[in-house]
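The next block holds one structure in the form of structure tokens; read it before the comments.
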Amino acid sequence: MQAKKKIRYYEAPPPSPPVAPEVKIAAHSEFLRTGRIGRPKPIWVPEERRYLSHAQVAERTGKRLEEAGEKSHERINGFHRSIQFPKIIAHHTLDQRPHLGYCHVTAARTLLSRRVPVSWSFYIANFFSDISEEEEKFFERISTAYSRMYFAVAVEGEPGQPFRINRSIRKNGLLFKTSDPMEAIKNVLMLGASNEALREIIKKL
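With the sequence shown counted from 1, adding 32 to any position gets you my numbering.
Written as structure tokens, this is what we have:
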């Protein structure tokens, strides 16, 4: 079986500023004026590509993800002073595909339908996928058809230990998943609302 080829990344050059159209001068007039015969300029010159290491790509991906996480947290906490979430920003990039990653935004504890307290975490990813029902992996069937995925999963774990998905709610622990940022904010606010009056206000957003 052939090994997967490692993805190579290179830095795209910044867009060139617009250039004023060149005024064409007849060849014989140019020769009479300068004594030189004009040679046509090449339409383009291939640029030398500057390749980026996977560590450099991961660093850039992480920076963009954390910026998105910061903005989402700001919007969530700006809704109502009675619904405030801690800012817990941390990103991860995918092995062998460092241009893809996800960012933890916040975490809280809420009461679900059976009045059972559940801890959960809210994330942003720069791809769309299913959350796996298997312990060994988090994502499956990854697609870049959508530029963002917003999701929250139920979590469990002892203080000071790595959290893991709480699969007693659903096999994948998923509380919600969407590509719509406004729908994501509404879902997070619904999880954090302390009473029915606030929930009714959020539903009308």
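C-beta atoms are modelled at their ideal positions from N, C-alpha and C, and glycine is treated no differently.
Here the structure is a predicted model, which is why all the values come from computation and not from measurement.
How many angstroms separate the CA atom of residue i from the CA atom of residue j?
i	j	result
S151	V185	9 Å
K236	S164	32 Å
R147	R141	12 Å
T176	P194	28 Å
A87	H124	12 Å
I217	S104	8 Å
D127	I174	13 Å
A35	M222	Low confidence applies to A35: its pLDDT is 49, below 50, so where it sits in the model is not reliable, and the reading given next is rough at best. Looking at the two C-alpha atoms, the distance is approximately 46 Å.
N198	H112	29 Å
R129	S114	40 Å
Please list the terminal residues of the continuous alpha helix (DSSP H) segment that includes residue i.
i	result
A216	213-224
L97	86-109
A184	A184 -> not in any alpha helix (DSSP H); beta strand (DSSP E) instead, spanning 181-188.
Provide the residue(s) that pair with residue i in DSSP beta bridges, ordered along the chain.
i	result
F195	BP columns for F195 are empty, so no partner.
E172	D162
E232	DSSP lists no partner for E232.
Y178	None, per the DSSP bridge assignment.
R82	E43
Reducing DSSP to helix, strand and coil, say where residue i ends up.
i	result
R129	strand
L206	strand
V148	coil
L237	coil
Please name the residue in the options whose C-alpha comes closest to that of residue i.
i	options	result
V220	T93, G133, Y155, R82	Y155
Y85	I39, R196, S104	A quick correction: the sequence has Ser, not Tyr, at residue 85. Here the closest residue by C-alpha is I39.
G239	P118, I120, F111, F159	Residue 239 cannot be examined here, being either before or after the span of the chain that is shown, 33 to 237.
M214	S226, V187, N227, M181	M181
I120	A225, G205, H136	H136
S200	L230, V187, F208, D212	V187
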